[in-house]
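Residues in the sequence shown are numbered consecutively from 2, following our numbering.
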Amino acid sequence: MKDPYEILGLDPTADIDTIKKRFRELSKKYHPDKNPTAQEIYKEIVIAYRLLISEKALSPANRHASRSLPTIPPERIHYNLSLINILSEGFKISRDFSTEDYLDHFQADITVELYKLELVLGYQIPLMIPTRQLCPVCEGHNEHCYRCQGKGFVTSTLTWPITLPSTTRPEEIVEIDLTPLKQAYPTLHIKRQSLRIRCQLLDHDKL
Ligand SMILES: [Zn+2]
2 MKDPYEILGL DPTADIDTIK KRFRELSKKY HPDKNPTAQE IYKEIVIAYR
52 LLISEKALSP ANRHASRSLP TIPPERIHYN LSLINILSEG FKISRDFSTE
102 DYLDHFQADI TVELYKLELV LGYQIPLMIP TRQLCPVCEG HNEHCYRCQG
152 KGFVTSTLTW PITLPSTTRP EEIVEIDLTP LKQAYPTLHI KRQSLRIRCQ
202 LLDHDKL
């Protein structure tokens, strides 16, 4: 294999921020979304980037680096229902349909569009998990509160990165275990055990 620094056109003394900056520049130029004919070049770039990043991440000064693995753009993640509803099952469609019936119609909770290359290279899929917490200003006690407009709670979004197995096939539905998420955020009150994610490969006929 070629020298990863050479592939990225970097000096071996380059620090982690320089490596990330160069990767972003090269991604803009060679990502299959922009340049479908440059898949092999892009693959080399990603492999070189991951190699350098994981190398740097081994040094204690750069522990944050392991979090900077490539991620797919959020616009390629499609939520079939509001995730807060899916996670807590706290919604009603109609008297004739249960949550399960409704999700059976979609067969998956989330659809993700991925290039085969991204799957193989272990790209992260940043799931946006909606959360709500007691209003920190009025603690739920002031109907004129400027922060929560009297709702008593405020909402925010946390990003939970997941990775699909590299062996995932086109249209396959992968079950993602929610236990690690529940353990990391015990206040979320998640009832579901798993999320069903459909992988829609963007270029399975080419690769
Ligand atoms: Zn408030």
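Every residue gets a Cβ at the ideal spot worked out from N, C-alpha and C, and that includes glycine.
The model shown is predicted, which means the values in this text are computed figures rather than measured ones.
Task: Sequence-distant residues of its chain with Cβ nearer than 6 angstroms to ALA49 (five each side left out) - done: For the purposes of this step, residue 49 is taken as residue 48 along the sequence shown, with counting starting at 1. Closer than 6 angstroms at the Cβ level, and outside the excluded window around ALA49, lie PRO5, ILE8 and LEU9.
Task: Neighbour-count burial assignment, VAL138, 16 or more Cβ in a 10 Å radius - done: For this step, residue 138 is matched to residue 137 along the sequence shown. Classification for VAL138: exposed.
Open item on the list: Am I right that ILE174 and SER195 are in contact with their C-beta atoms under 8 angstroms? What's the rounded C-beta distance?
Closed with: For the purposes of this step, residue 174 is taken as the residue at position 173 of the sequence shown. For the purposes of this step, residue 195 is taken as the residue at position 194 of the sequence shown. ILE174 to SER195, Cβ: 11 angstroms. No contact.
Open item on the list: Following a CB-centred definition, is VAL113 positioned closer than 8 angstroms to any heavy atom of ligand 1?
Closed with: Numbered from its first residue, the sequence shown carries residue 113 at position 112. No, Cβ of VAL113 sits at least 8 angstroms from all heavy atoms of ligand 1.
Open item on the list: Between the alpha carbons of ALA15 and SER55, how many angstroms are there, rounded?
Closed with: Position 14 of the sequence shown, counted from the first residue, corresponds to residue 15. Position 54 of the sequence shown, counted from the first residue, corresponds to residue 55. Those two C-alpha atoms are separated by around 14 angstroms.
- [ ] Anything with a beta carbon under 5 angstroms from a heavy atom of ligand 1 counts; list them all in chain order.
- [x] CYS136, VAL138, CYS139, CYS146, ARG148 and CYS149
- [ ] Tell me, please, whether the CB atom of ILE8 is closer than 9 angstroms to any CB atom in chain B?
- [x] Reference to chain B is not applicable here, since this structure consists of a single protein chain.
Task: LEU189 to PRO181 span [Cα, whole Å] - done: Residue 189 sits at position 188 when you count from the first residue of the sequence shown. Residue 181 sits at position 180 when you count from the first residue of the sequence shown. Those two C-alpha atoms are separated by around 12 angstroms.
Task: Contact belief for TYR147 with PRO71 at Cβ below 8 angstroms, rounded distance in angstroms - done: In the sequence shown, the residue the question calls residue 147 occupies position 146. In the sequence shown, the residue the question calls residue 71 occupies position 70. Not a contact, Cβ separation roughly 40 angstroms.
Open item on the list: Cutting at 7 angstroms between CB atoms, please list the residues of its own chain near PRO75, excluding the five before and the five after it.
Closed with: The count along the sequence shown starts at 1 and reaches residue 75 at position 74. Taken in chain order, the residues that qualify are PRO127 and MET129.
- [ ] Assign PRO37 to one of three DSSP states: helix, strand, or coil.
- [x] Mapped onto the sequence shown, residue 37 falls at position 36. Helix at PRO37.
Task: Buried or exposed by the 16-neighbour rule on C-beta atoms within 10 Å, applied to TYR169 - done: Counted from its first residue, the sequence shown places residue 169 at position 168. Looking at the sequence provided, one finds Thr at residue 169 rather than Tyr. Result: buried.
- [ ] Please report how far the alpha carbon of LYS44 lies from the alpha carbon of LEU118, in whole angstroms.
- [x] Walking along the sequence shown from the start, residue 44 turns up at place 43. Walking along the sequence shown from the start, residue 118 turns up at place 117. Their backbone Cα atoms lie some 7 angstroms apart in a straight line.
Open item on the list: Let me make sure I understand the geometry here. Which of CYS200, LEU179 and LYS152 has the alpha-carbon closest to that of LYS192?
Closed with: Start at 1 with the first residue of the sequence shown, and residue 192 comes out as number 191. Out of CYS200, LEU179 and LYS152, LEU179 has the C-alpha closest to the C-alpha of LYS192.
Open item on the list: Tell me the residue span of the alpha helix (DSSP H) that contains ASP18.
Closed with: Start at 1 with the first residue of the sequence shown, and residue 18 comes out as number 17. Taken as a continuous stretch (DSSP letters only), the alpha helix (DSSP H) holding ASP18 covers 17-31.
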